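Written out below as structure tokens is the structure these notes cover.
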Amino acid sequence: MTDSLYGDVIHVNGQPWPYFNVQPRKYRLRFLNAAVSRTFLLYFQRQTGSTAKIPFQVIASDAGLLTGPASTSSLYISMAERYEVVFDFAPFAGQNITLRNTEDVGADEDYLHTDKVMRFVVSSTPVTDPSTVPNTLATVNFPTPSGSAVAHHFEFHRTNGEWRINGIGFNDVNNRVLANVPRGTVEIWELENGGGGWSHPIHIHLVDFRVIWRSDDEDRPVYNYESQGLKDVVWLAPGETVKVEAHYAPWDGLYMFHCHNLM
978 MTDSLYGDVI HVNGQPWPYF NVQPRKYRLR FLNAAVSRTF LLYFQRQTGS
1028 TAKIPFQVIA SDAGLLTGPA STSSLYISMA ERYEVVFDFA PFAGQNITLR
1078 NTEDVGADED YLHTDKVMRF VVSSTPVTDP STVPNTLATV NFPTPSGSAV
1128 AHHFEFHRTN GEWRINGIGF NDVNNRVLAN VPRGTVEIWE LENGGGGWSH
1178 PIHIHLVDFR VIWRSDDEDR PVYNYESQGL KDVVWLAPGE TVKVEAHYAP
1228 WDGLYMFHCH NLM
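The sequence shown begins at 978 in the working numbering and counts up one residue at a time.
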């Protein structure tokens, strides 16, 4: 609990550093970070030759399709986050493409080969691929808050060896309900990483939200693949603060929210 558990072997679908044979065409790939503690900054790169990151398109996040494809050359994905991407292997017939992880992400500990995730072996046999990614993917019902004011500020931190939110632990039954939001309300919540050398992927159960602001302490803006869709997990780098606008509907009841570092 005090050191986390990052692991020195990267698995994909239960296999350590696997490879996958693909045709030289577009593929839709679904990513779920099921790691215990590690956040990834993923990118595609040729095995040989140019070391440049290869652009791809993000088409969906936690709650489904984005409004339109978000072009990027790298993708942050923390524990429990989900993204779908379209990668075009057509220009790389007969080559190998490696899905890699950037080193020094947040406070995570790196090992000799944790910069590698998996490899795609692209066939040299040409195929016809008439598919295109539409410019418009979905009409997303973004929540609309009643104003720009922050309704609640929550700090995720550690006190006396225990993880707390605003000083309250989960076992504090009398005080652990930290917000009473009327059903159907849209509120802006400010989520703060209290530091201490940890990163926190914050998961709000049964609530879809839009990431609207980040403190940019590590030169991180709100990325296009965050702002163009709805999410239920957002990653806070060490010392970082984000604002989300969230729609609390349609169910009454107690909703949990927590850091998704499983340790």
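Every residue, glycine too, gets a C-beta built ideally from N, C-alpha and C.
Fair warning: this is a prediction, and the values are worked out from it, not measured in the lab.
CB-CB under 7 Å to residue i, same chain, minus the five flanking residues each way: which ones, in chain order?
| i | result |
| --- | --- |
| Leu1114 | Ile1036, Leu1042, Leu1043, Thr1044, Gly1045, Pro1046 |
| Thr1162 | Tyr1225 |
| Ile1145 | Asn1152, Arg1153, Leu1155 |
| Asn1010 | Phe1017, Ile1054, Ser1055, Met1056, Ala1057, Glu1058 |
| Gln1205 | Leu1043, Thr1044, Gly1045, Ala1047 |
| Leu982 | Val1013, Ser1014, Met1240 |
| Gly1171 | Glu1132, Phe1133, His1134 |
| Asp1065 | Lys1003 |
| Pro1122 | Val1163, Glu1164, Ile1165, Glu1222 |
Taking the CB atoms as reference points, tell me whether residue i and residue j lie closer together than 8 Å.
| i | j | result |
| --- | --- | --- |
| Val1104 | Gln1000 | yes |
| Ser1176 | Leu1213 | yes |
| Glu1164 | Thr1218 | no |
| Phe1069 | Val1094 | no |
| Val1110 | Val1063 | yes |
| Val1184 | Val1199 | no |
Go through its chain and collect everything with a Cβ distance to residue i's Cβ below 6 Å, but skip five positions before and after it.
| i | result |
| --- | --- |
| Arg1135 | Gly1173 |
| Leu1018 | Ser1051, Tyr1053, Thr1079, Val1082 |
| Ile1031 | Phe1021 |
| Asn1201 | Ala1047 |
| Ala1012 | Met1056 |
| Ser1108 | Lys1003 |
| Asn1112 | Gly1045 |
What residues in its chain sit with their C-beta under 8 Å from that of residue i, if we drop five residues either side in the sequence?
| i | result |
| --- | --- |
| Ala1067 | Pro1001, Arg1002, Lys1003, Asp1106 |
| Val1154 | Leu1231 |
| Arg1096 | Trp994, Pro995, Tyr996, Phe997, Gln1024, Asn1073, Ile1074, Thr1075, Leu1076 |
| Asp1092 | Arg1077, Asn1078, Thr1079, Glu1080 |
Would you mind sorting residue i into buried or exposed? The rule is 16 or more other CB atoms within 10 Å of its CB.
| i | result |
| --- | --- |
| Arg1191 | buried |
| Asp1209 | buried |
| Ser1014 | buried |
| Phe1147 | exposed |
| Glu1139 | exposed |
| Ala1223 | buried |
| Gln992 | exposed |
| Val1221 | buried |
| Val1150 | exposed |
| His1129 | exposed |
| Pro1159 | exposed |
Hey, is residue i's beta-carbon within less than 8 Å of any beta-carbon in chain D?
| i | result |
| --- | --- |
| Thr1218 | Although the question refers to chain D, the structure presented lacks it and comprises just one protein chain. |
Can you check DSSP and say which residues form a bridge with residue i?
| i | result |
| --- | --- |
| Glu1222 | Ile1165, Arg1187 |
| Phe1064 | Tyr1004 |
| Ser1048 | Gln1034 |
| Gly1041 | Ser1038 |
| Pro1103 | In the DSSP output, where bridge partners are listed per residue, Pro1103 has none listed. |
| Leu1018 | Tyr1053 |
Look at the alpha carbon of residue i and the alpha carbon of residue j, and state the distance between them as a whole number of angstroms.
| i | j | result |
| --- | --- | --- |
| Asp985 | Ala1084 | 15 Å |
| Glu1169 | Arg1197 | 15 Å |
| His1182 | Trp1228 | 11 Å |
| Tyr1060 | Arg1007 | 6 Å |
| Leu1239 | Ile1179 | 12 Å |
| Val1118 | Ser1038 | Correcting the residue identity first, residue 1118 is Asn in this sequence and not Val. Computed Cα separation, rounded: 14 Å. |
| Asn990 | Arg1005 | 16 Å |
| Thr955 | Gly1124 | Not covered by the structure: residue 955. The range shown for the chain is 978 to 1240. |
| Thr920 | His1090 | No answer is possible for residue 920: it lies beyond the span of the chain, which begins at 978 and ends at 1240. |
| Asp980 | Phe1186 | 30 Å |
| Val1211 | Ala1040 | 12 Å |
| Gly1071 | His988 | 25 Å |
| Asp1087 | Asn1143 | 30 Å |
| His1235 | Thr1116 | 29 Å |
| Arg1141 | Glu1203 | 26 Å |
| His1237 | Gly1216 | 17 Å |
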